[in-house]
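>
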Amino acid sequence: MKRTIQLFLTTILNNYLIILLCNYYIFNLIYLVPKIKNEGKRHISEIKEGNIVFEGVSFCYPTRPDMLILNNFNLEIKAGHSVGLVGASGCGKSTIIGLLQRLYEPVDGKIMIDGIDIREFNLYEYRSMFGVVGKEPSLFAISIKENIALGAHRNILAPHYHDTSDPQDCLLMPELEEKIMKCAHIANATNFINSLPQKFDTVLGQRGAQISGGQKQRISIARALMNDPKLLILDEATSALDFKSEKTAQRALDKAAGRTSVIIAHRLSTIRDAHRILVFDHGQVVEDGNYTTLMEKQGLFYKLVKNQEMGKKQQEKFDNDEDLEEDVVPEQNEVDKTYIEVDDDHRTNWQKFSAHFFVFG
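For the sequence shown, UniProt numbering begins at 1 and goes up steadily by one.
#1: Would you identify the three-state DSSP class for aspartate 201, choosing helix, strand or coil?
#2: Under a three-way DSSP split, which group does leucine 32 fall into?
#3: Sorted by chain position, which residues of the same chain lie with C-beta nearer than 8 Å to residue 367's C-beta, five sequence neighbours on each side aside?
#4: Applying the 10 Å Cβ sphere with the 16-neighbour rule, what's the burial state of lysine 179?
#5: Go through its chain and collect everything with a Cβ distance to glycine 80's Cβ below 8 Å, but skip five positions before and after it.
#6: Going by DSSP, what residues sit across from valine 279 in a beta bridge?
#7: Assuming contact is defined by CB atoms lying nearer than 9 Å, are asparagine 72 and glycine 56 in contact in what I supplied?
#8: Pick from Leu70, Lys135, Phe27: whose alpha carbon is nearest that of valine 285?
#9: Give me the DSSP bridge partner(s) of glutamate 76.
#10: With C-beta atoms as the reference, is isoleucine 219 less than 9 Å away from alanine 184?
#11: Hey, could you find the ends of the alpha helix (DSSP H) leucine 100 is sitting in?
#12: Under DSSP, the beta strand (DSSP E) around phenylalanine 130 begins and ends at which residues?
#13: Could you check whether leucine 268 and leucine 304 sit closer than 9 Å to each other, using their CB atoms as the reference points?
#14: Check whether the Cβ atoms of glycine 84 and isoleucine 277 sit closer than 9 Å, and answer yes or no.
#15: Spell out the partners DSSP gives threonine 190 in its beta bridges.
#16: For methionine 67, which of helix, strand or coil comes out of DSSP?
#17: Between the alpha carbons of leucine 231 and glycine 213, how many angstroms are there, rounded?
#18: Have a look at the DSSP bridge pairing and note the partners of methionine 310.
#19: Kindly indicate which residue of Ile44, Met173, Ile221 has the alpha-carbon position closest to the one of arginine 127.
#20: Give the C-beta separation of arginine 64 and glycine 151 to the nearest angstrom, bearing in mind that I take them to be a contact with Cβ-Cβ under 8 Å.
#21: On the DSSP bridge list, what partners appear for valine 262?
#22: If the criterion is Cβ atoms closer than 9 Å, does the pair lysine 199 and glutamate 105 meet it?
#23: On the DSSP letters alone, give me the boundaries of the beta strand (DSSP E) that isoleucine 144 sits inside.
#24: So, using beta-carbon positions, are valine 107 and leucine 75 closer together than 9 Å?
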């Protein structure tokens, strides 16, 4: 009896300490003061064409002030053009996208759209211009329809919220339904969604666990298009997919083109049709041109493409060999052993975790 009470109190103490620590991090997050100030007064309606210019931009991260990621960087992106960014990890590709969205501020230089410094625009209005598709799409345990509708700007949703007492009912409004269907069609998602038992009302598991990587990505593309973004950012949007899923997702991205697009490319085949490709090395552009021009130069881009093509052939050969092999079913005692090892690891990790909190207390 005494031992039971002791275990009960230990569990309560553990949970209490975990709750305290969680509250500490949650309230720290709530009271964070944004470093990017929303002081701009200009409206995005003043943007007529949408030509983007990076002029003498230098940037370093606050944690590494002595290391410049970009140094006196210059770039011009014409409205309606697609630009591919290629290079090794840490060369500055993602930094350019972050600066363009005003997630960071440059140390020196400025970024302009149609000659207007982007810091002069209202921050929230400015960011509403962007549609972003990343490597790992964030899907929620709600219906496919609701996941896509999350991409709609508040100006699209607001009239529907005023017309109904229940915010969920706004998804039934004809205009919004029509917009969702249109974006799903552009994203090549309509066929697979309609093949599901509940179609657009199918509730996804946590992080879209019920569907494949390519299907998740197409829903993510549809969501990014809901706001009809002036500028589409694709941050290694197909790098986590296998080659078959990549082709399907790439067709969806091609259909979503026709607007200014900035593409960070891991798989170089995805930027074959880009108007311009910039090859980065240590924060500087070392090659600049379209796909054909850069391949003819036989420089760094050419080597990257050839290495990737070789890797793709090896992967396809490996996949074909796997298809020829018979499935091997593990014996029951091997399966049991696996579960025992997992349980032991989990128990050991929990003991370490608990010990940490007792020391903390």
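We put the CB at the ideal spot given by N, CA and C, even for glycine.
Working from what's here:
#1: helix
#2: coil
#3: What the structure shows of the chain is the stretch from 1 to 361, and residue 367 is not part of that stretch, so it cannot be assessed.
#4: buried
#5: Gly50, Gly258, Arg259, Thr260
#6: Val86, Glu287
#7: yes
#8: Leu70
#9: Val53
#10: yes
#11: Unbroken alpha helix (DSSP H) run through leucine 100: 93-100.
#12: 130-133 is the extent of the beta strand (DSSP E) around phenylalanine 130.
#13: Leucine 268 is positioned such that its CB atom lies closer than 9 Å to that of leucine 304.
#14: yes
#15: DSSP lists no partner for threonine 190.
#16: coil
#17: The C-alpha of leucine 231 lies about 24 Å from the C-alpha of glycine 213.
#18: Note: methionine 310 sits in no beta bridge, so no partner.
#19: For arginine 127, the closest of Ile44, Met173, Ile221 by C-alpha to C-alpha distance is Ile44.
#20: Contact doesn't hold; Cβ gap of about 34 Å is too wide.
#21: Val83, Ile233
#22: no
#23: Premise fails: isoleucine 144 lies in the alpha helix (DSSP H), 144-149, not in any beta strand (DSSP E).
#24: In this structure, valine 107 keeps its C-beta atom at 9 Å or more from the C-beta atom of leucine 75.
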